[in-house]
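Going by the working numbering, the sequence shown runs without a break in its numbering and finishes at 430. Only one structure is covered here, and it is reproduced in the block below.
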Amino acid sequence: MKYLIIIAALLCFIGIFDLPQRFYLLLRIIVSLIALIIIFNEFRSRNFWFLAFILIFILFNPFFPIYLYLKPFWIVIDIIVGLLFSYYFYTLFPKKTVKEPETIDIKHQEIPKTRDRIIK
Numbered sequence: 311m312k313y314l315i316i317i318a319a320l321l322c323f324i325g326i327f328d329l330p331q332r333f334y335l336l337l338r339i340i341v342s343l344i345a346l347i348i349i350f351n352e353f354r355s356r357n358f359w360f361l362a363f364i365l366i367f368i369l370f371n372p373f374f375p376i377y378l379y380l381k382p383f384w385i386v387i388d389i390i391v392g393l394l395f396s397y398y399f400y401t402l403f404p405k406k407t408v409k410e411p412e413t414i415d416i417k418h419q420e421i422p423k424t425r426d427r428i429i430k
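In structure tokens, the structure reads:
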């Protein structure tokens, strides 16, 4: 699933350019499908991601498409959605914490040293 999120983000960034209408239909299908998967994953938490991807699903749904007729609006939307997918992908990986080396507390015992040693 993680790599599908990257594919959706890349398709959103590619959608900035002037491409045939079939690409935008494919973009709508893939982005809405990935948004729906994320909605199911985030359903219990009901946090920012849940609401953001519901809006993305509504905006990109292929069944009842929303037409904004002007390309500059879609360019801004594609950039924002691509950035949201990219940031969501980044949040899926756990943050690595630097492990501090374990310190072992050993009481230092001083060994008595004598100056003169008797050698036999």
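Note that the Cβ used here is the ideal one computed from N, Cα and C, for glycine as well. As the structure is a prediction and not an experimental result, all values here were calculated from the model.
Identity of the residue in the options nearest residue i by Cα
i	options	result
residue 378	312, 363, 334, 411	334
residue 362	332, 398, 338	398
residue 393	313, 319, 337, 326	319
residue 342	382, 409, 374, 420	374
residue 370	330, 356, 325	325
residue 380	317, 328, 314, 313	328
residue 336	408, 358, 317	317
residue 313	352, 420, 332, 340	340
Anticipated Cβ contact below 8 Å, residue i with residue j, distance rounded
i	j	result
residue 322	residue 395	7 Å
Contact test: residue i Cβ vs the ligand PLP heavy atom, cutoff 6 Å
i	result
residue 334	Among the ligands in the structure shown, none appear at all, so the ligand PLP cannot be discussed.
* Asked: Between the stretch 410-420 and the stretch 337-353, are three or more C-beta pairs nearer than 8 Å?
  -> As far as the Cβ criterion goes, the stretch 410-420 does not touch the stretch 337-353, which means the pair count is below three.
* Taking three-plus beta-carbon pairs below 8 Å as touching, is the stretch 368-387 in contact with the stretch 395-407? -> no
* To do: Quick one: which unbroken alpha helix (DSSP H) runs of 4-plus residues sit fully inside the stretch 344-430? Chain order, please.
  => The qualifying runs are 358-370, 381-402.
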